[in-house]
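Visitor: Everything in the sequence shown is counted per this note's numbering, starting at 13 for the first residue and increasing by one.
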Amino acid sequence: MCGIVGWLDWDDDLSSQHAILQKMAQAIQHRGPDEEGFWLSPRAAIAHRRLIVIDPEGGKQPMIYREGDQTCVLSFNGEIYNYLELRRQLEMLGHSFQTNSDTEVLLRAFLEWREDCVRHLNGIFAFAIWDEKNHRLFLARDHLGVKPLFYCQRGSSFLFGSELKALLAHPKVKPEVEADGLADIIGLGPARTPGFGIFRNVNEVRAGHCVTVTKDQIRTRPYWKLESKVHTDDMDTTTERIRALLQDTVQRQLISDLPLVSMLSGGLDSSGLVALAAEELRKKGKTLQTYSVDFVDNDQHFEEGLLHISLDAPWAKSVSEHVQTKHQEITFNAQDLISHFHMPLRARDLPGLGETDTSLYLFCREMKKKATVSLSGESADEVFNGYPWFQKEKFLNSGKFPWMEHDGWSSFLNEEAIEKIRPQEYLRRRYEEGIAEVHPLEGETVLEAQQRKMSYLFITRFLPLLLDRKDRMSMYTGFEVRVPYCDYRLVEYLWNVPWKVKNIDQIEKGLLRRAYKGYLPHEVLYRNKSAYPMTYHPEYYHAILDHMKQILANPNAPLVPLINKSVIQFVLDGKAPMNLAQSTKLIEYLVQINMWLEEYKISIR
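And the structure:
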């Protein structure tokens with residue numbers, strides 16, 4: 013994985029603008045700690061930060077193609093999992109290769125198919141290709157949006173980068189946020205509207221989309237979308253198809269020239285991937301290294317909740333023994349989380365998931381000491397309909413994002429802020445936009461249509477939150493994470509598998525459980541859903557609540573002009589109908605908003 017940045021200017025000569033370009037690249041040097049590269053011309057300046065994974069010598073970037081009067085420059089973040097097949101196909105079409113990298117395959121694919129090259133790719137990617145002859149830039153992002161890519165227009169300049177901080181490092185981009193940006197943060201957050209970059213006039217290349225930039229226009233178009241079709245496969249065929257797709261996906265994603273490991277929680281999703289990966293590596297005489305995360309004293313303080321049914325540690329150990337991995341549990345205490353609470357904000361450039369972000373950052377930092385690449389189980393719940401919200405009709409018919417049981421953080425705003433931001437109106441608008449994108453299937457029942465809409469919202473609105481989290485926390489430590497359940501072929505197929513088939517045997521993700529039958533112990537195969545672990549230690553909770561008390565006591569805190577202090581004090585006093593863990597989660601996000609406003613010197617317009 014890597015970091016990419018670039019700058020076009022239609023009026024000013026960029027040939028001598030190395031200092032600003034380098035500053036943009038340095039802002040994301042964590043994404044590529046191994047190498048940096050630059051390419052500048054009068055109209056375009058492109059930089060690259062590289063994390064070496066495949067072909068250490070041959071994969072240097074920006075990669076440049078020159079022939080006659082044609083020059084194309086590529087800066088690429090990600091992995092192309094089918095690059096070996098594409099290489100053979102391109103060789104048959106007359107292309108020759110100088111390296112063994114997937115980067116050169118991507119560049120050659122563009123030369124052969126131009127902008128349609130994205131339709132040939134299987135992988136996680138965000139890339140930019142500058143056509144020097146035609147003064148034309150092509151940006152593209154992978155099908156599910158695993159890898160990030162932001163851009164903005166400022167006068168005659170067009171800027172792009174892997175992270176918001178790369179854009180903010182340019183003197184023309186100010187940390188300004190308008191009402192819609194605040195509404196997204198406070199109403200929808202920590203999720204985010206697809207394509208919306210929060211900062212004023214900053215956009216994100218949407219998942220499955222590409223952007224073409226010339227002097228006269230910026231054109232965005234989808235190259236991939238979920239299309240609704242009648243599912244005709246019987247149960248056995250469906251199960252076998254899922255199993256075959258998972259086997260092929262894991263096999264592809266094990267390719268690396270550097271050490272590869274896997275995260276293992278002991279839940280169905282990660283355990284199944286680990287079983288497949290361990291089997292594949294055994295064929296090569298290798299043993300898979302797995303890691304799990306836990307917290308000091310969680311066995312004493314654990315409280316069962318909607319998404320946390322049981323602790324992971326014994327389950328992870330059971331799976332490791334069953335599939336014969338070399339396993340290590342990494343443990344953090346409350347002070348680890350408290351002292352690193354600020355790190356996820358700097359990784360994301362936005363408020364996020366608080367303690368679960370912090371622990372993931374620390375987890376990746378520890379794994380990075382032994383490896384460079386890991387597998388992880390994100391998106392199984394989204395594509396297999398595994399969340400409890402899918403099981404309850406009240407969420408199907410709520411008319412709002414199903415994971416938002418409360419009204420976001422808008423209940424903590426004062427009247428003036430509510431009038432300016434109008435968070436509930438904003439939420440309704442974004443919800444209606446989301447369901448309007450769903451491709452309906454003729455003949456579906458009302459219930460089936462609602463289930464399809466919910467599935468779409470989870471894939472396009474909720475999943476990006478988790479993918480952003482995994483990318484930013486891992487890449488902030490120079491660590492690459494691959495997500496096999498985001499293989500677009502698997503997502504396409506499951507999109508049209510009926511809900512009742514996905515939940516066969518009267519259990520959530522019953523189809524996935526059948527696909528993994530024979531790979532996992534029975535008790536793991538039928539373990540109830542339990543989300544990424546969190547701490548339950550009172551020391552952490554009280555530290556966050558104390559932080560909010562300090563904010564309330566500081567009239568200069570940037571959050572204070574936006575909030576209703578009495579409502580927050582009501583929660584701090586323990587009078588709200590929620591336990592300590594629930595109240596901390598609410599307060600934690602507000603603390604992050606204050607940190608964001610303060611540290612990024614946000615100007616609200």
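Where is the CB? At the ideal position from N, CA and C, for every residue including glycine.
Since this is a predicted model, take the numbers as computed values, not measurements.
Do LEU374 and PHE170 have their C-beta atoms within less than 7 Å of each other?
Guide: Their beta carbons are not under 7 Å apart, which means LEU374 does not touch PHE170 by this criterion.
Visitor: Specify the secondary structure class of ALA461 as computed by DSSP and reduced to three states.
Guide: Of the three classes helix, strand and coil, the one that applies to ALA461 here is helix, per DSSP.
Visitor: Going by CA-CA distance only, name the one from ASN426, GLU341, HIS243 and PRO570 that's closest to SER578.
Guide: That would be ASN426, whose Cα lies nearest to the Cα of SER578.
Visitor: Please name the residue in HIS107, ALA39, PHE396 and SER304 whose C-alpha comes closest to that of PRO510.
Guide: Out of HIS107, ALA39, PHE396 and SER304, PHE396 has the C-alpha closest to the C-alpha of PRO510.
Visitor: So is ARG233 buried or exposed if we call it buried at 16+ other beta carbons inside 10 Å?
Guide: The residue in question, ARG233, is exposed, as its Cβ has fewer than 16 Cβ neighbours within 10 Å.
Visitor: If you follow the beta strand (DSSP E) that PHE491 is in, where does it begin and where does it stop?
Guide: Careful: PHE491 lies outside any beta strand (DSSP E) and carries neither H nor E.
Visitor: Determine the contact status of ASN310 and TYR548, defining contact as a CB-CB distance below 7 Å.
Guide: Closer than 7 Å, so yes.
Visitor: Compare the Cα-Cα distances from VAL495 to each of GLY201, LEU372 and SER274 and report the closest residue.
Guide: Nearest C-alpha to VAL495: SER274.
Visitor: Would the region 246–265 count as touching the region 507–527 if we require 3 or more Cβ pairs under 8 Å?
Guide: Counting Cβ pairs under 8 Å, three or more are found: they touch.
Visitor: Helix, strand or coil: which one does DSSP assign to LEU33?
Guide: Of the three classes helix, strand and coil, the one that applies to LEU33 here is helix, per DSSP.
Visitor: At the level of alpha carbons, what is the spacing between GLU428 and ARG617?
Guide: About 14 Å.
Visitor: Could you check where the alpha helix (DSSP H) with ARG264 kicks off and where it finishes?
Guide: Segment 247–265, the alpha helix (DSSP H) holding ARG264.
Visitor: Of all the options ASP585, ASN112, GLU492 and ILE76, which has the alpha carbon lying nearest to the alpha carbon of GLY70?
Guide: Comparing Cα-Cα distances from GLY70 to each of ASP585, ASN112, GLU492 and ILE76, the minimum goes to ASN112.
Visitor: Since SER281 contacts TYR497 with CB under 8 Å, what's their CB separation in whole angstroms?
Guide: Note that residue 281 is Asp in the sequence shown here, rather than Ser. Correct: roughly 7 Å between the Cβ atoms.
Visitor: Sorted by chain position, which residues of the same chain lie with C-beta nearer than 8 Å to PRO45's C-beta, five sequence neighbours on each side aside?
Guide: Counting only Cβ-Cβ distances below 8 Å, and skipping sequence neighbours, we find ARG61, LEU63 and GLY490.
Visitor: Pop quiz: ASP114 and ILE92 are said to be a contact at Cβ under 8 Å. What is the actual Cβ separation, rounded to whole angstroms?
Guide: ASP114 to ILE92, Cβ: 4 Å. Contact.
Visitor: Ignore the nearest five residues each way along the sequence and tell me which others in PHE353's own chain have a CB closer than 7 Å to its CB.
Guide: Excluding positions up to five away in sequence, the list reads THR370.
Visitor: If you count every other CB in all the chains shown that lies within 10 Å of the CB of HIS339, and 16 or more means buried, which is it?
Guide: Answer is buried; the Cβ neighbour count reaches 16.
Visitor: Alpha carbon to alpha carbon, how far is ALA555 from VAL305?
Guide: Straight-line Cα distance between these residues: approximately 21 Å.
Visitor: Nearest to LYS237 by alpha carbon, out of LEU537, ARG218 and MET416?
Guide: Selected option, being the one with the closest Cα: ARG218.
Visitor: Contact between the region 85–100 and the region 137–147: three or more CB pairs below 8 Å?
Guide: Taking 8 Å as the limit for Cβ pairs, the verdict is that the region 137–147 does touch the region 85–100.
Visitor: CA-CA distance, ALA543 and LEU479?
Guide: For ALA543 and LEU479, the distance between alpha carbons rounds to 15 Å.
Visitor: Look up GLU341 in the DSSP assignment and say whether it is helix, strand or coil.
Guide: Strand at GLU341.
Visitor: Output the distance between the C-alpha atoms of GLU394 and LEU52, rounded to the nearest integer angstrom.
Guide: For GLU394 and LEU52, the distance between alpha carbons rounds to 42 Å.
Visitor: On a CA-only basis, which of SER486, THR250, PHE208 and ALA287 is nearest VAL262? Give me that one, please.
Guide: The shortest C-alpha separation from VAL262 is found at ALA287.
Visitor: Restricting to runs no shorter than 3 residues, where is the beta strand (DSSP E) found entirely within the region 281–335?
Guide: List check, beta strand (DSSP E) in window: 301–307.
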